[in-house]
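Numbering (the working numbering), first residue to last: 1 to 1002.
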């Protein structure tokens, strides 16, 4: 027994080695898979770029065949394999792995000598002895053993042992010239038709050492497909339920547009919104017929469409001049039970409409909606009536522009470029764009850019990519702008990426003068050819480049980096493997072009890395930040031509790492810039460029064969990064114009006395953790900063706030004693992104202290570098500046005459504190002039008065009015019209006594 099991294991090792090689090569080398645009449940599928095979189950999920041997227990050959796109495959949820077909083979794992029989759903039964094995499968039992890789053994469960030779569920037996499948306690005879329909193979049927079927009852013959036997997912095979349709109610939506006048040539005019509501079951709509009512000329409508929100559901239709109908057939619109979907009728007006015509659309009756449900509604469902105008709207022309480079898999690449031109009638705002992209779902991260600034992210819907711009892009009258469509490219080698704007209605731009959707001339919508030989005519076309291993450069964009900054990203890209790849070596070059000016070393470059200005080079996983390879030092070749004094640096990355089949790995090259104090040849303005030296790439495939650059590894050309310029991390502080100088009354709270603008440089983010504000007061009520008053007496407390968000940064705190006092805020974290300016507002509560003169002036300032504590992104201290120099007592922030020193000219921003505010009253400019008033007149406006407050708010509680001529009997009553504190309109009524009335409690 021991010898037999050992022999079986040796035989298994040989077979596994052979089968795994076949599995690696099988689909590519031996299979001729069919191609399908959509997978069918119950089929075997693979993606366009991967060799892995999946079973597409009737539960709508996919199951992986872990190796060739598992696959061959269910299928013979690969002729039935369907190839689908990567995006279609990704849309099918991954459920798990396929296990061996019950009864087809015995299995084991290398670390365990036990041999198992396979029963339904991957349940294993240990064959305890060799005698049991012989009793089950005869003397050749050890040729039926397959080794299951231990990583997949977890897909199985272990049930009860087979201690004696007995028929087990799923066992396949040859007996008396017939073939049988054991199903529970029954034996089912398998006919030739049953063998074929269920994919059974003669090699699965064993001849036991004794009659194991005698005790089993006879089951029904297996002569047709049986889902319990032919489903690799072991879910029971096909089970299709037919949905029951109920009712579909049609009604006019409350959002349907009101009656309006429509300009000549206006595009994408909303005429009508109608609701479709399903009840009692899901409903599907296959056709909608829209009728044009009234007497308006059908020729006024150039095209008609149906939309769901901003998504176009149909291609253009015209209104038939005889029937006055537009029929949208071939629809596949579904409405879930209980759901209401709002559909919009949208039209383009003809250029040259008949002015004064009326237009109305309607769903005339039940027959207007073709559905599997019972249609109901109050018909006709009609739009409001629109009137045409002969006023012309503007025109936008779309033109294809420029040639495109073929992108590599994994590259963030430009796949289309085009120009939009506004005519002389009016400019426009671009609101919406839809592109037709061949195999759109193969790619991701779609971006619409203008002058390399992203305007929006695209949403994929089938073969379309939609952009709805949150901020519409404006093009002035008579001007043009060029736009680019970018995407992270997927698919496989030689795939064609074709892009166009299919319909004029796929571009929606609103005119700046008349406010209608303007006309569109589309020179970027030609039918796309099946091949791509360079850029298309009136559409864009590129060809995907990919090898077994593909590199793509993705950034970063040209930018600034700081001295003494660590973890600087200098190169970013994507590595994509078609099959399993082991990358053994990569090389990156530093300063390989004449555009670079950065010295690589301080002093003479040698082999000592401590002299290198840029150190700790490593390759990291962008998603996780984990190091893949490194860190490394540069080797520097001073003989190579370069603008840099010290030659070209080379980083040889020799740590092996593996990419699995189909994996796209986004990577970054990071390094540390040394400090400029020790490494004195690091100078602001130095430029660093890094490139991937493709020729130095070393990789092996799954067969351990060396891969060739330019054939297996794409591209063969080097991938050069963008310029990164050394800058000193900086923080410049200036006085902000908001709040401006003003006058406030003593004792009030929340007075904004100053705003300071903190501008971070381009090299690094800045974190501020402490600020000291210098305070001074003067009794002369002007900008002089003599400081003859004690700040603490006049200002109770202050806090600092973010000027954009209003959020509290720190406080409240109080000024110290003396005439030149400090108030210090510390222990906070206020972050300012690189190249950004944030405003800090100083907000104070004023003490209720009588002022010295007419008013006292309060002057806040920052006048020392150490009044601010700030660090860069790596925690290095920053020397703050103002007016281009370090902040100091002779170079202060709050200075108004530009000479940067505090002098008689005084502060740029100061606040005045007064004892009280004032209120003045005057006759308003539109108060009525003298005139004759008829007797018995009512509601006559006789006077208007204007009240103006300064320095503080006032509430008028009492107001006396008098009649300066005539007697009381001439006026029966007086009304006072005013707004109360809440801003509400109020009316008070009184009666004159001795020609006077006083209104109280206003």
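The beta carbon of each residue, even a glycine, is placed where N, CA and C say it ideally should be.
Only a predicted model underlies this, so the values are computations on that prediction, with no experimental measurement involved.
Residue j and residue i - do their beta-carbons sit closer together than 8 Å?
i, j, result
"residue 295", "residue 313", "no"
"residue 349", "residue 302", "yes"
"residue 388", "residue 353", "yes"
"residue 374", "residue 213", "no"
"residue 134", "residue 173", "no"
"residue 337", "residue 280", "yes"
"residue 684", "residue 876", "no"
"residue 1010", "residue 918", "Nothing about residue 1010 can be read from this structure; the chain reaches only from 1 to 1002."
"residue 913", "residue 858", "yes"
"residue 458", "residue 447", "yes"
"residue 58", "residue 43", "no"
"residue 429", "residue 512", "yes"
"residue 562", "residue 872", "yes"
"residue 468", "residue 372", "no"
"residue 74", "residue 107", "no"
"residue 450", "residue 346", "no"
Report all residues from its chain with a CB closer than 6 Å to the CB of residue i; omit the five preceding and five following residues, and keep chain order.
i, result
"residue 732", "759, 881"
"residue 867", "772"
"residue 231", "237"
"residue 834", "760, 762, 764, 765"
"residue 54", "45, 62, 64"
"residue 991", "973"
"residue 440", "460, 463, 465"
"residue 696", "587"
"residue 814", "797"
"residue 293", "360, 362"
"residue 752", "739, 841, 843"
Start and end of the beta strand (DSSP E) containing residue i?
i, result
"residue 47", "43–47"
"residue 108", "106–109"
"residue 64", "62–64"
"residue 362", "358–363"
"residue 51", "Note, residue 51: premise wrong, no beta strand (DSSP E); not H, not E."
Less than 7 Å between C-beta atoms, sequence neighbours within five positions excluded: which residues of the same chain meet that for residue i?
i, result
"residue 120", "102, 169, 170, 234"
"residue 996", "960, 962"
"residue 699", "549, 581, 582, 583, 584, 707, 713"
"residue 957", "1001, 1002"
"residue 1007", "Within the shown structure, residues of the chain are numbered from 1 to 1002, placing residue 1007 beyond reach of any answer."
"residue 879", "865, 886"
Could you tell me the boundaries of the alpha helix (DSSP H) in which residue i lies?
i, result
"residue 195", "192–197"
"residue 229", "227–230"
"residue 131", "130–137"
"residue 153", "150–153"
"residue 295", "Residue 295 -> no alpha helix (DSSP H), and no H or E assigned at all."
Have a look at the DSSP bridge pairing and note the partners of residue i.
i, result
"residue 488", "412, 444"
"residue 399", "419, 523"
"residue 75", "Paired residue(s): none; residue 75 is not in a bridge."
"residue 922", "946"
"residue 571", "669"
"residue 674", "DSSP, once it has assigned bridges, lists no residue as partnering residue 674."
"residue 466", "434, 459"
"residue 539", "None, per the DSSP bridge assignment."
For residue i, which residues in the same chain have their Cβ closer than 8 Å to its Cβ, ignoring the five residues on either side in sequence?
i, result
"residue 32", "Any reading at residue 32 is ruled out, since the residue's pLDDT is 34, under 50, leaving its predicted position unreliable."
"residue 392", "263, 264, 265, 351, 425"
"residue 300", "349, 350, 353, 354, 357, 359, 388"
"residue 523", "397, 398, 399, 400, 538"
"residue 164", "132, 135"
"residue 210", "135, 165"
For a cutoff of 8 Å on Cβ pairs, would you count residue i as touching chain D?
i, result
"residue 771", "Of the protein chains in this structure there is only one, and it is not chain D."
key: Inter-stretch contact (C-beta, 8 Å, three-pair minimum) for the segment 144–158 and the segment 173–186   = no
ask   = Are the segment 858–872 and the segment 765–779 in contact at 8 Å, needing three or more beta carbon pairs?
value = Segment contact: the segment 858–872 against the segment 765–779, three or more CB-CB distances shorter than 8 Å; contact assigned.
query = Pairing CB atoms from the segment 458–478 with CB atoms from the segment 108–127, are three or more of them under 8 Å?
reply = no
ask   = Using 8 Å as the Cβ pair cut-off and three pairs as the minimum, do the segment 656–671 and the segment 538–548 touch?
value = As far as the Cβ criterion goes, the segment 656–671 does not touch the segment 538–548, which means the pair count is below three.
query = Does the segment 561–571 touch the segment 671–681, meaning 3 or more C-beta pairs lie closer than 8 Å?
reply = yes
ask   = If you pair each beta-carbon of the segment 716–725 with each one of the segment 927–934, do three or more pairs fall below 8 Å?
value = no
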